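*Asks:* Before we start, here is the structure in question, set down as structure tokens.
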Amino acid sequence: HLDSPPAQMLDALILGLKDYMIKSGFSGCVLGLSGGIDSTLAAYIAAEACGAENVHGILMPSRYSTGHSVDDAEALASRLGIDAQVVPIDSVHRAYESLPIAGDDLAAVPAGLADQNLQARIRGAIVMIRSNQHGWLPLATGNKSELAVGYCTLYGDMAGGFAVLADLYKKDVYAICHYINDVRERREVIPQNVLVKAPSAELAPNQFDQDSLPPYPILDGILEGLIEREESIATLSKTYPPEMVRWVAQKLDRNEYKRRQMPPGVKLSARAFGSGRRMPMAARIALE
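Have a look at this one:
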């Protein structure tokens, strides 16, 4: 099992984070814990890289957070032995809503895009405050699938000093988490509910990733074709719905500007964003 892809990827991620922290002079790290699978895996990697006593999680529930997400995050922190602080963001969220910004009432459009991004940025600011207070490395937890299509918020969940999962597709996040429980640890370190529940940013009522994105198995298949194998839209359209392929390709091109502003991370593939894939930022063109 040590030669399996999940094992190799996990070892590389742990080594990469540990090496970066040692060479950069960080003894501890801090990250937001949402109860989702990405922050769950990032926390496990951090605990393995620098010791559980040096990992500091922050649970930042909002009015849209579900009870099971908080429970899952607390269960993970307990199993890993990491510090976890609960900092509800609703009071800060409401304070922003009361600001008169160019005559617009933010509260008049609850759960709109601006409101959703605001929640992510409030959480990012809280993580950065803790980083500044203690000199901890702030970790961003977005995966390659989300970064590819821009399903992330600048200065929000993208904020940080190191992007642990930036070269890891969503399917690989799940594969590694199953490997951790079934093979590496042989116990339920990753809460079972985290593995089976539908992914959600929880920035709006009843929100799920699949409301905005293709199913992850399809999204990852298209992205691997476009990024790793450099296949054309025409070629991929023989396997996947053509309109879906075009949508993903367009999102990939138009969100290069976001990826230029993401933190560095561990390079697992030949086509990692950044050094492995140099593309123009200005790409708002019609695809042929």
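To convert, take the position in the sequence shown, counting from 1, and add 26; that gives our numbering.
Don't be surprised by glycine CBs; every beta carbon is placed ideally from N, CA and C.
Fair warning: this is a prediction, and the values are worked out from it, not measured in the lab.
#1: So the beta strand (DSSP E) V112 belongs to, where does it begin and stop?
#2: Find the nearest neighbour of N219 within the set L57, S53, L102, M86, judged by alpha-carbon distance.
#3: Alpha carbon to alpha carbon, how far is E314 from L173?
#4: Would you list, in sequence order, the uninterrupted alpha helix (DSSP H) runs of no fewer than 4 residues that lie entirely inside the region 57 to 92?
#5: Spell out whether any CB of chain B is found under 8 Å from the CB atom of E123.
#6: What is the DSSP secondary structure of G182, reduced to helix, strand or coil?
#7: Could you tell me which residues DSSP puts in a beta bridge with I152?
#8: State buried or exposed for Y90, treating a residue as buried only when at least 16 other CB atoms are found within 10 Å of its CB.
#9: Please report the distance separating the alpha-carbon of L57 from that of R255.
#10: According to DSSP, simplified to helix, strand and coil, what is L165?
#11: Check the C-beta distance from P289 over to A151 and give it rounded, since I have them as a contact under 8 Å.
#12: Determine the contact status of A201 and P32, defining contact as a CB-CB distance below 8 Å.
#13: Report yes if the CB atom of G291 is closer than 8 Å to the CB atom of Y266, and no otherwise.
#14: Mind the definition here: the region 179 to 196 touches the region 210 to 218 only if three or more C-beta pairs lie below 8 Å; say whether that holds.
#15: With a threshold of 7 Å on Cβ separation, who are the neighbours of A298 within its own chain once the five nearest residues in sequence on each side are excluded?
#16: Would you kindly check if the distance between the Cβ of G176 and the Cβ of R303 is under 8 Å?
#17: By DSSP, does R120 sit in helix, in strand, or in coil?
#18: Could you tell me the distance, in whole angstroms, from the CA atom of M21 to the CA atom of D237?
#19: Rounded to whole angstroms, what's the CA-CA distance from L262 to G62? Just pull it up for me.
*Replies:* Short version:
#1: 109 to 112
#2: L102
#3: Low confidence applies here, because E314 scores a pLDDT of 49, under 50, leaving its location unreliable; read the following figure in that light. Straight-line measurement puts the Cα of L173 at about 23 Å from the Cα of E314.
#4: 63 to 76
#5: Going by chain labels, chain B is absent from the structure shown, which holds only one protein chain.
#6: coil
#7: The partner list for I152 (beta bridge, DSSP) is empty, contrary to what the question assumes.
#8: Flag for Y90 reads buried.
#9: A straight-line Cα-Cα distance of about 33 Å links L57 and R255.
#10: strand
#11: P289 to A151, Cβ: 16 Å. No contact.
#12: yes
#13: no
#14: no
#15: D193
#16: With a cutoff of 8 Å on beta-carbon distance, R303 and G176 are scored as not near each other.
#17: helix
#18: Any question about residue 21 goes unanswered here, given that the chain covers just 27 to 314.
#19: 30 Å
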